[in-house]
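Remarks on the structure that follows.
There are 2 protein chains.
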Amino acid sequence: MKTAMAINSIFLFFSLLFLSSTAKVIPRFPSSVITPEKLSADLDSKSGQLYKTKYFTQILDHFTFTPRSYQTFQQRYLINDTYWGKKNSPIFVYTGNEGDIEWFTQNTGFMYEVAPRFRALLVFIEHRFYGKSIPFGGNKKIAYKNASTLGYLSSSQALADYATLIIDLKKNLSATDSPVVVFGGSYGGMLAAWFRLKYPHVAIGALASSAPILNFDNITSAYSFNNIITQDFRSVSENCYKVIKESWQQIEDTWRNQGGDKILRKSFKTCKNSSVDGLEGWLFTAYVYTAMTDYPTPSNFLNPLPAYPIKQMCKAIDDPKTGNDTFAKLYGAANIYYNSSGTATCFNLDDGSDPHGLAEWAWQACTEMIMPTGGNDKGSIFPASEWDYNDTASYCKDNYHVSPRPHWITTHFGGNNIEVALKRYGSNIIFFNGLRDPWSGGGVLTNISKSIIAIVEKEGAHHVDLRFSTSEDPKWLIKARQKEVKIIRKWISQYYQELGRPYF
Amino acid sequence: MKTAMAINSIFLFFSLLFLSSTAKVIPRFPSSVITPEKLSADLDSKSGQLYKTKYFTQILDHFTFTPRSYQTFQQRYLINDTYWGKKNSPIFVYTGNEGDIEWFTQNTGFMYEVAPRFRALLVFIEHRFYGKSIPFGGNKKIAYKNASTLGYLSSSQALADYATLIIDLKKNLSATDSPVVVFGGSYGGMLAAWFRLKYPHVAIGALASSAPILNFDNITSAYSFNNIITQDFRSVSENCYKVIKESWQQIEDTWRNQGGDKILRKSFKTCKNSSVDGLEGWLFTAYVYTAMTDYPTPSNFLNPLPAYPIKQMCKAIDDPKTGNDTFAKLYGAANIYYNSSGTATCFNLDDGSDPHGLAEWAWQACTEMIMPTGGNDKGSIFPASEWDYNDTASYCKDNYHVSPRPHWITTHFGGNNIEVALKRYGSNIIFFNGLRDPWSGGGVLTNISKSIIAIVEKEGAHHVDLRFSTSEDPKWLIKARQKEVKIIRKWISQYYQELGRPYF
């Protein structure tokens, strides 16, 4: 178990690698609950689409001048000019994360909802090596083959891609004076914050939602991530927490007994035989991703989920009907995450499906994105274990023949003593964090200066602010979004003022 | 002439490529006039040296993770701890330019002179691919061979080298809380400013002296550089300006006449036959570098020169003894730059000597450092000509098989509308410029904010503030340095205050 979780933790970024399975294909578009129906009338009337798809010829390596560095690839970006005022009106850019940009766009309704108020152009740029933005002729077999090609997948290159694309786009649109605001959630939020820090001449501000930029280099405790998950469950039900906490031993004990594998297979309705690590990973994934997406309304980001899904999980665990049957309780909880429709007849624990094309995060997590999150202290809902850098390093050596550079992110982007480093430096960044989100432990949770602001919501989950609004949104969420809009409006006003132009 | 100067301009950065010759070897250490005798007693008593030499194992490519990127090389840095207070006292770092770091160190006496007041550690880091900091096993034949190896010579890689080295050094010295201030002149000044912009978590401030960060992408007129040289001469003597301005035609006319080559050879005492372009380049170099180093006291940066050498050149040109003999006048002027000792018997115009190891700047000027400076309008002291990007591009294609990326520097570091971009962003940068320096046209000449400050000296030349002080320094220079010290002191005080520690 310990090893399995340690290895899992390498992959466990945001919406990362579905090591465990889902019983059915996740729809690529938000379910009807959150479909932005109210927007559709405004959108491109011909197609009714959220965006048009375009491509930009991007350079492979911005930072060297070797013959290979000059190779180019087609970078996808999505654009919506429905609301755009042109004439130097604002441009809102989403700095794409580790996956298909269409998926992130569809889950970033906030930008669509605020665009009309700002008469903003919307642009969503796909991160290199994901979706359809594949270097080496778009050939994934070559691009993903080994370190000699995957080596060009890095955050710095991605940021330079965004700068290059934005500058070129503005020029082509005769909008060189348009203020650009960048938005991003999760890794995309880290990129948005870093983009503002590294390219202040390209973006006047950044909304970095659930961006754990401090989850590097031991700035944030390796226990933090799982401790927040622990707290998420515990705050709902002490019994729920205890049942899950104690279940791991019970699963392992059962597994070791003769016929135990059959008991487990039957209890969890697995489609075929699985290892005990596979089963535990499957449950672990359900708990972690449910904690990340413990949204106040029904959602369909990672999997279709009801409102406050942790409450629902704990309701299943605490259900008196299951008496003392721990496995029945866990099965009920897992069903919340894996079987919202109730139609699954069995579960494939390791089907390796990756509907949003997130797999290459594993490469990033083996090179620069060394984010210690896998530790479990005594109180953890998961078995006690230490995060060990050597586990990561040896995994990466085995799988990619690559050595991580664990200090590079803090060397390049900072993080240590960030409150001193940025107190009199930089401006115009919003760090949003929801404290139910396990990644919030690595976020910026207090204001650094008058214009580097932390918005922290106790009841919030992973970049909930960026989602389409719904009629059931709680007040705190409505207010948080209002605060964000107000701050962004201030940045834009100041920019026009300094440029000597009227707002629009 | 036009072509020769256009090509020259590619190389003409700061102290760059000595396309033309010197009659003798330039001593590697400042001459006795400016030797910091008063410092010697303080310095390392055993060796009496300005610094100790150390090496750091540096990674070849910070921004990719290809197998090759992991190659390492030995990066040289010079260190002086004579004045260091340890215990988190300040660290002053020189961000090395395009040449041997010993040479820049010897010409940056300012850091030595202010170090005792700040109890600062002094560190001078050599730029990759220069001096003894050569990747690919230190083998220049391999490193300089072609774009596949030279491709790793770039400003971004250099900045990342500096960040990596500084962080490691602080850790090893148990000085992680020491404030770092970066210093640099010329290209080194650009690097210092950019370092503060890109790595504010590593350096709390930057003194960027004569850093033409706006000499890119048509932000600064291509005529600016030579117009300032023109003004330098013209302000001393209108006749001097006219003689030089009209001389180019006369040289070419003479060259075209039968026996003209012999006349020119005799007039300029060239050791062997030379082309007319070679002669003109030799004179051009003398005027340009004398303008750059038109210091108020005797100096020996590029060549040994008297105080205010342009005055001396014009004195030679205006000398009534030479009557109407233009060539005798020019020869007299050239002697100021090439023959201060008066011992040269003849001159090698194209000896290609490069005592400070600056040659690889030509690579940088063919990739990212596309600085339009070669234009000459009607009033120029040089023949009228247009700067043409295509000349640069075709030169670079022919010589390195490489295409420049003329927009990369402004994409990565900014520059357009810098006063808007940085008005509410960033802090703690001093831009020093002397207006007699032809590079000052591409400098930041007005304050951008309360802490991004321009110090502009009408009588100043190329990074004169960074030089060792002398007893003959004019008041404006003394005051400019005092102002710099005062500002740096403020940065450091603020840093300690925010860190919650006493100053020392």
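Protein chains in written order, with UniProt numbering: chain D, 1 to 504; chain S, 1 to 504.
All residues carry an ideal CB built from backbone N, CA and C; glycine is no exception.
| Asked | Found |
| --- | --- |
| Within the chosen definition, does the segment 178-186 of chain D reach the segment 204-219 of chain D through at least 3 CB pairs nearer than 8 Å? | yes |
| Closest by CA to Thr446 of chain S, which one among S:Ser221, S:Leu214, S:Phe284, S:Thr392? | S:Leu214 |
| If you measure from the beta carbon of Tyr289 of chain D to each beta carbon in chain S, is any gap under 7 Å? | no |
| Spatial neighbours of Ala147 of chain D within its chain, please: CB distance less than 7 Å, with the 5 preceding and 5 following residues excluded, ordered by chain position. | Tyr400, His401, Val402 |
| DSSP beta-bridge partners for Ile125 of chain S? | S:Tyr77, S:Thr95 |
| Decide if Thr57 of chain S is buried, meaning its Cβ has at least 16 other Cβ atoms within 10 Å, or exposed. | exposed |
| Exposed or buried, which one is Thr22 of chain D when buried takes at least 16 other CB atoms within 10 Å? | A caution first: Thr22 of chain D carries a pLDDT of 28, below 50, which makes its placement in the model unreliable, though a value can still be read off. The residue in question, Thr22 of chain D, is buried, as its Cβ has 16 or more Cβ neighbours within 10 Å. |
| Going by DSSP, name the residue or residues bridged to Gln258 of chain S. | Partner(s): none; Gln258 of chain S has no beta bridge. |
| According to the Cβ coordinates, are Ile79 of chain D and Lys54 of chain D closer than 7 Å? | yes |
| Can you name, in chain order, every residue of its own chain whose Cβ lies under 6 Å from the Cβ of Ile336 of chain S, other than the five neighbours on each side? | Pro309, Gln312, Met313 |
| When you compare only the Cα positions, how much space is there between Gln49 of chain S and Thr105 of chain S? | 12 Å |
| Quick one: which chain S residues come within Cβ less than 7 Å of Thr411 of chain D? | Ala163, Thr164, Ile167 |
| Could you please give the first and the last residue of the uninterrupted alpha helix (DSSP H) stretch that includes Leu197 of chain D? | 187-198 |
| Kindly indicate if chain S contains any beta-carbon less than 7 Å away from that of Tyr77 of chain D. | no |
| For chain S, check one thing: does any of its Cβ atoms lie closer than 7 Å to the Cβ of Tyr94 of chain D? | no |
| With a 10 Å radius around its C-beta and 16 neighbouring C-beta atoms as the bar for buried, classify Lys479 of chain S as buried or exposed. | exposed |
| Can you pull the chain S neighbours of Gly151 of chain D, defined as C-beta to C-beta under 7 Å? | Thr64, Phe65, Thr66, Ser69 |
| Around the Cβ of Tyr495 of chain S, are there at least 16 other Cβ atoms within 10 angstroms (buried) or fewer (exposed)? | buried |
| Any idea what DSSP makes of Pro304 of chain D, helix, strand or coil? | strand |
| Select from the segment 169-180 of chain S all residues with a C-beta closer than 7 Å to any C-beta belonging to chain D, and list them in chain order. | none |
| Could you list which residues in chain S have their beta carbon closer than 8 Å to that of Val420 of chain D, in chain order? | Tyr495, Glu498, Leu499 |
| So what does Leu207 of chain S bridge to, in DSSP terms? | S:Phe183, S:Ile430 |
| List the residues of chain D whose Cβ lies closer than 8 Å to the Cβ of His127 of chain S, in chain order. | Simply none; closest approach about 15 Å. |
| Based on the DSSP output, what are the partners of Tyr385 of chain D in its beta bridges? | The sequence as given places Ser at residue 385 of chain D; Tyr does not occur at that position. According to DSSP, which records beta bridges pairwise, Ser385 of chain D is partnered with D:Asn376. |
| Taking Arg196 of chain D as the reference, which of D:Pro212, D:Thr176, D:Ala163, D:Lys171 has the closest Cα? | D:Ala163 |
| Verify whether the separation of the beta carbon atoms of Ser247 of chain D and Trp439 of chain D is less than 7 Å. | no |
| What separation, rounded to the nearest whole angstrom, lies between the Cα atoms of Gly269 of chain S and Gly342 of chain S? | Note on identity: in this sequence residue 269 of chain S is Lys, with Gly being the wrong assignment. The alpha-carbon atoms of Lys269 of chain S and Gly342 of chain S are separated by roughly 13 Å. |
| Over the uninterrupted alpha helix (DSSP H) stretch that includes Tyr289 of chain S, give me the two end residues. | 276-292 |
| Do Glu98 of chain D and Trp363 of chain D have their C-beta atoms within less than 7 Å of each other? | no |
| Can you name the residues that DSSP bridges to Asn417 of chain S? | S:Gly415 |
| In the DSSP assignment, what residue or residues form a beta bridge with Gln58 of chain S? | S:Phe73 |
| Report, in whole angstroms, the separation of the C-beta atoms of Leu165 of chain D and Tyr94 of chain D, which I expect to be a contact under 8 Å. | That pair is no contact at about 12 Å. |
| Could you pull the DSSP bridge partners for Phe347 of chain S from this structure? | S:Thr270 |
| Would you check if the distance between the CB atom of Gly434 of chain S and the CB atom of Glu457 of chain S is smaller than 7 Å? | yes |
| Is the CB of Tyr338 of chain D under 7 Å away from at least one CB in chain S? | no |
| Determine the extent of the alpha helix (DSSP H) in which Val485 of chain S is found, giving its start and end residues. | 475-499 |
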